Every structure is written in structure tokens, then in C-alpha cells.
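Take 2 as the starting number for the sequence shown in our numbering and just add one per residue. Just so you know, even glycine gets a beta-carbon here, dropped at the ideal spot from N, CA and C. Source: prediction; values computed, not measured. These notes concern the structure reproduced below.
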Amino acid sequence: MILTTTHNIEGFKIVDYLGIVTGTAYDSSYSSNGTKMSFKDMFSMSKYYEKYTLGLEAIKEKAFQNLKDNALKLGANAVVGIQLDVEPLANSSTLLVSITGTAVKAE
Numbered sequence: 002m003i004l005t006t007t008h009n010i011e012g013f014k015i016v017d018y019l020g021i022v023t024g025t026a027y028d029s030s031y032s033s034n035g036t037k038m039s040f041k042d043m044f045s046m047s048k049y050y051e052k053y054t055l056g057l058e059a060i061k062e063k064a065f066q067n068l069k070d071n072a073l074k075l076g077a078n079a080v081v082g083i084q085l086d087v088e089p090l091a092n093s094s095t096l097l098v099s100i101t102g103t104a105v106k107a108e
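Structure (C-alpha cells):
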């Protein structure tokens, strides 16, 4: 499946616009591959940033997979105009990733 932030796909013609699709995911930004950051690691900036980055990447991957699944349900082979939004949930270490785009058929 082609995923792009642009509204067209070079070398392809969009033949049908199928609708807006979204993909969302949320989780703790301090966990990665099912492992949480230890209390000791919270005081090491390099460990903190490493875990935070890996956690965010995992959440983004889940959201992109949900976006692709929703586009496939509409019969799409591409999603154009993708926008990604990352929001922290109030008073927690949880991040919400929301991805929106237009599902299309391209030839």
C-alpha cells in the first residue's frame, strides 16, 4: 500500500476517492516492546530519550497499521494527504497518535 503526505502519487493516476480514513493508537511513551522504563533509568537522560523515542515509534507503527487496515476495508491501494498528530494525554505518560488521510484507488 502506498502511503504519502502529498495529494497525488507520481507515476500513478488516482481513479477513485474512497473516503477519509484514520488510524489511532495510544500507549505509554515510556515503554517499548512490552518493557517499561525502570525507575533508575528515568534519571539517565540518554536512557530516558532512548525509551521515549522507541515508545513513540511503536505507537506510530500501530497507528499506521490501523490506518492501512481501515483503508483496505474500503478497497483502497493507497492513502494520500496523510497528516500525523501526536498528543500527550493530560496528567499521564500516555501519548495518543492519530493519523488521517484519504483512501484512494490508484493505477
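Q: Find out if the Cβ-Cβ distance for the pair Val22, Lys106 is shorter than 8 Å.
A: As a working mapping, residue 22 is identified with position 21 in the sequence shown. As a working mapping, residue 106 is identified with position 105 in the sequence shown. Not closer than 8 Å, so no.
Q.
Give me, in chain order, the residues of the same chain whose beta-carbon lies closer than 7 Å to that of Tyr18; leave out the 5 immediate sequence neighbours on both sides.
A. Position 17 of the sequence shown, counted from the first residue, corresponds to residue 18. In chain order, Thr103, Val105 place their CB closer than 7 Å to the CB of Tyr18, counting only its own chain and leaving out the 5 sequence neighbours on each side.
Q | Nearest neighbour of Gly24, chosen from Thr7, Gln84, Ala91 [CA to CA] | A | Position 23 of the sequence shown, counted from the start, is the residue given in the question as residue 24. That would be Gln84, whose Cα lies nearest to the Cα of Gly24.
(Q) Quick check on the burial criterion: 16 or more other C-beta atoms within 10 angstroms. Buried or exposed for Lys110? (A) Since the first and last residues shown for the chain are 2 and 108, residue 110 lies out of range.
**Q.** Residue from Lys61, Val87, Phe65 with nearest C-alpha to Ile3
**A.** Position 2 of the sequence shown holds residue 3. Nearest C-alpha to Ile3: Phe65.
**Q.** Nearest residue (CA-CA) to Asp28, options Asn67, Ile10, Gly56, Ala79
**A.** On the sequence shown, residue 28 is found 27 positions in, with the first residue counted as 1. The shortest Cα separation from Asp28 among Asn67, Ile10, Gly56, Ala79 belongs to Gly56.
Q) Cβ atoms of Ile10 and Ala79: under 8 Å apart, would you say? A) As a working mapping, residue 79 is identified with position 78 in the sequence shown. As a working mapping, residue 10 is identified with position 9 in the sequence shown. Against a cut-off of 8 Å, the Cβ pair of Ile10 and Ala79 comes out as a contact.
Q. Looking only at C-alpha atoms, which of Phe13, Thr6, Thr7, Ser99 sits nearest to Asn67?
A. The residue labelled residue 67 in the question sits at position 66 within the sequence shown. Nearest option by C-alpha distance: Ser99.
Q: State the Cα-Cα distance for the pair His8 and Lys14, rounded to the nearest angstrom.
A: For this step, residue 8 is matched to residue 7 along the sequence shown. For this step, residue 14 is matched to residue 13 along the sequence shown. Their Cα atoms are separated by approximately 11 Å.
Q) In terms of residues, what are the limits of the beta strand (DSSP E) holding Gly20? A) Sequence index remark: in the sequence shown, residue 20 carries index 19 (1-based). Per DSSP, Gly20 belongs to the beta strand (DSSP E) from 15 to 29.
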